[in-house]
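Step one of this worksheet: look at the structure below.
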Amino acid sequence: MENLIINEKITKGQLPKNSVSIANHKIISIADEKIISDLLPQKFGKAGKIWVGVLTAICLVGLYAYYRQLRYGLIVTSMRDYVSWGIYISNFVFFVAISLVGSLITAVFRLAGVKWGSPLTRIAEIIAVAAIIFASLIIIVDMGSPERFYYLFIYGRIQSPIIWDVIVITTYFFISILLLYYPLLPDIQILLRFKQSTGKRLYRFYSFIGSFWKGTPEQFRLSEKAINILCITIIPVAFTIHTVTSWLFATTYRPGWDSTNFGAYFISGAFLVGAGAVVVAMYIFRKAQHLEKYITEDHFEKMGRVLVLLALLYLYFNMNEFLTPFFKMKESEAEYLNGLFSGNFAPLFWFAILIGMIVPTLILLFKKGRKPLPVFIAGIMVVVGAWFKRYLIVTPTLLHPFLPMHDVPESYRHYFPSWEEWAITLGSLAGAMLIITILARIFPIIPIQETITEQHETTK
Amino acid sequence: MNQENNSRRDFLLTGIAAATLAVGCNSKKDAFEAGAEDGAVASGKKIKLLSVDGEVIEVDEAFLKPVPHLPPVSNTEARIGIPGKKFVMVIDLSRCKNLKHCQSACNHAHDLNPGENWIKVDPMQSADHTAPYWEPTTCMHCDEPPCVKVCPVDATFKREDGIVLIDSDRCIGCRFCMAACPYSARVFNWGEPDILAEVANQLYSAETSIPQKKGTVGKCDFCADMTREGMLPHCVSACPNGVFAFGDMNEDTVTNGTETFRFSDLIRDKAGYRLMEDLGTKPSVYYLPPVSRNFPFESGLENDKTQNS
């Protein structure tokens, strides 16, 4: 009975116009109660604890490796004068790419009136926030003198693409946080009503971030407006962060980077890997939190279609990127291109193309391939392929400078990351997953309030 | 030793360049200090000097007054450069036999981390059937420097006199400049440079590029400190074959220390060119093609092996 009263308040809150009749209202309230109890954040089970433990352990190893790097300098990496950017930078590009998904699922879907995407918005936003945090951290890790990080702000030259990146990544970070936060507010109000089952500290945290939210019509109106504004602003900012990131390469003269295609090539790749990450996360959360009723097979079916579209789009930009230089085989690019197509990097290159784009497309083209499990597998392929793709964007080019790599020590002429680089990189990936896990533990992974509202709309 | 070095340098800086450097070099630090006091008594030890009018004169050691050590120019001055100058270098490929004296002189003068080279000498061959030659490369000190364009914190800069320098106290180690430089001229101090503590503890000067610091980038600086004193960069004076000629484009003169050329004539007569002209970087380093060579290409191979093993 107590619950019913609670739910009455909720219904009032989110249906300010009082359009539901009293008789109807009670029935809906019971349905609402079910939704709420289904979607409340769940405590970690045994598997969850092991998962968190493993991720924390990987992060700690990464931290130890970073301590060594701080102490001895970047000499602990395998980067040298030619390959002066290694897996840190490719990992950075990977994180920036994944973070774009927040804008795709939340903003593009919302503005395009795609209703089915709403249960996925929180997953997408959480991934976006985790990824953009680690993109910023990993770029500091890559710096030779990280203690001078603040120089970027006090001595920044606006002419440098790095400063453009600093500006847009910061902007994107804040928009992403807000886009996660505003839609959370009505959910926090619901969470605050379960004082007993929430821990004391968590309860205080909820009150701190959301107790001002009373669910008044005015607050709903404001929040709606704010979210709309954020959705509109995040799209150009998202395009800018990844375009500018591509310009870090495309503003140089290097073979393989000197391309006008780079902005679009990066953006399309980013949407693909972001959508891939979302289907992977969807599958895992659906299993772990038993959300089959909310993340349905239909969602996988539709995300599968989205993935096909994005994979084909990325493939198209890849053709643009490689086919025309291949046709010309300019002297300065020949060695680089041959290295990718048939040389040292060929296995990785074809792996990234096949596993990252073609095989997922082939799986997802068929209706049977758009069931949850195959979509999940295709998503993993996309994400893994995308990581190696970023590596291929950074390293092969640096191993093909214009002047010969001759008058230098032998170790300068090739690159394989050191254990410290692997540890830090894996640590950052584990850290991002840890943030996603923790946010999913604290907040409902499916927006409760939105689900209830939609339920009501369909009932009507 | 360092102290003594400094006073020796001051001695030169008084404007009366020591004709008999050897004597100056041997003189003890104490003697200079004694000379600084008023009412010094002649020690009887004469030192030969070159006067400003070019005459050799003898001065008693006790009357020589040491000039306080000229501090390296301030950061602001180092960023402006020497007004009215436009430094250029001409590298004559027909004279190079990969001796690498340029490289070792440079490494020594700038206290570089062992294994690091600001000057590289590469065997080049344009096509399979064309003749190979040795090509030393320095920083090109481009007039449109891609490295300066991309630097996010203004740590690398282009001066009025054409020299591109690095402020290691500013550099954040992002290495964007290394990616941007098509000549691969830049090197990075990946770890703590293996240099003497007394060198490492000096205040950094952009003109001497000393000391190199962990986590910052370095490169050929055209020996900006030497040019300020009207002297030639170390690579130029170290090369016994006169491969490098250095000078001021505004004076239209370059010299390798023994021969002096009119820059425009040299470039015209010997068909000088710059590397990767098509990129639009406008280098300050010109090359003379490897024609009528002084040495066969093979004469440099031995040295290449020993230094590259």
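For the record, the sequence lines run as chains A and B. Heads up: the first sequence begins at 1 in the working numbering, then just goes up one per residue. Heads up: the second sequence begins at 1001 in the working numbering, then just goes up one per residue. Beta carbons are placed, not taken as given, at the ideal position from N, Cα and C, and that holds for glycine.
The residue from A:L403, A:N261, A:S411 with its alpha-carbon nearest to that of T1137 of chain B is A:L403. The beta-carbon of N1117 of chain B is placed less than 7 Å from the nearest beta-carbon of chain A.
Taken in chain order, the whole beta strand (DSSP E) runs of length 3 or more contained in the stretch 315–357 of chain A number zero.
Taking all protein chains in view, the Cβ of S1051 of chain B is surrounded by fewer than 16 other Cβ atoms within 10 Å, so the residue is classified as exposed.
Going by beta carbons, E125 of chain A and L184 of chain A fall outside the 7 Å limit. Annotation: the continuous alpha helix (DSSP H) that includes R204 of chain A extends over 200–210. Secondary structure of P374 of chain A (DSSP, three-state): helix.
Residue contact with chain B for D258 of chain A: absent (no Cβ-Cβ distance below 7 Å to any residue of chain B). In the DSSP assignment, W419 of chain A falls within the alpha helix (DSSP H) that extends over 419–442. As for any alpha helix (DSSP H) of minimum length 4 sitting wholly inside the stretch 106–151 of chain A, the runs are 121–142, ordered along the chain. A direct Cα-to-Cα measurement between L272 of chain A and H1108 of chain B gives close to 52 Å. Look at the stretch 1108–1179 of chain B and you find these whole runs of alpha helix (DSSP H), each 4 residues long or longer: 1146–1150. The C-beta of I1172 of chain B comes closer than 7 Å to at least one C-beta of chain A. Among the bridge pairs identified by DSSP, D1060 of chain B is matched with B:K1046. One finds I1172 in chain B with Cβ atoms closer than 9 Å to the Cβ of F149 of chain A, taken in chain order. In terms of Cα proximity to S268 of chain A, the closest of A:W213, A:V96, A:H299 is A:V96. When Cβ-Cβ separations below 7 Å define contact, L365 of chain A makes no contact with chain B.
Cβ proximity to chain B below 9 Å picks out Y72, G73, L74, I75 from the stretch 48–75 of chain A. Annotated as proximal: Y155 of chain A and D1154 of chain B, with beta-carbon spacing under 7 Å. At a cut-off of 7 Å between C-beta atoms, A1109 of chain B does not count as an interface residue with respect to chain A. Only those residues of the stretch 1187–1205 of chain B whose C-beta falls short of 8 Å from the nearest C-beta of chain A are listed: V1187, F1188, N1189, W1190, G1191, E1192. Around the beta carbon of R1268 of chain B, fewer than 16 other beta carbons lie within 10 angstroms, which makes this residue exposed.
Straight-line spacing of the CA atoms in T437 of chain A and V52 of chain A works out to 8 Å. Of the residues A:Q69, A:F212, A:V383, the one whose Cα lies closest to the Cα of I138 of chain A is A:Q69.
Against C1151 of chain B, the close residues of chain A are R157, S160, in the order they occur along the chain (beta-carbon pairs closer than 7 Å). Contact between the stretch 1223–1230 of chain B and the stretch 1176–1193 of chain B is not established, with fewer than three Cβ pairs separated by less than 8 Å. Pairing N1250 of chain B with F1263 of chain B, the inter-Cα distance amounts to about 10 Å.
At a cut-off of 7 Å, the C-beta of A1180 of chain B has a neighbouring C-beta in chain A. Between the stretch 1091–1099 of chain B and the stretch 379–399 of chain A, the count of C-beta pairs closer than 8 Å stays below three; the two stretches do not touch.
When Cβ-Cβ separations below 7 Å define contact, G144 of chain A makes contact with chain B. Between the stretch 332–347 of chain A and the stretch 291–308 of chain A there are fewer than three inter-stretch CB-CB distances shorter than 8 Å, so the stretches are not counted as touching.
Note that the C-beta distance between V1090 of chain B and A1197 of chain B is not below 7 Å. Going by DSSP, T458 of chain A is part of the alpha helix (DSSP H) stretching over 448–459. R1175 of chain B has a beta carbon lying within less than 7 Å of a beta carbon in chain A.
Between Y253 of chain A and P1146 of chain B the beta-carbon gap is near 7 Å, inside 8 Å, which marks them as a contact.
Its chain contains K1097 as the residues whose beta carbon lies nearer than 7 Å to that of S1299 of chain B, once the 5 sequence neighbours on both sides are disregarded; these appear in chain order.
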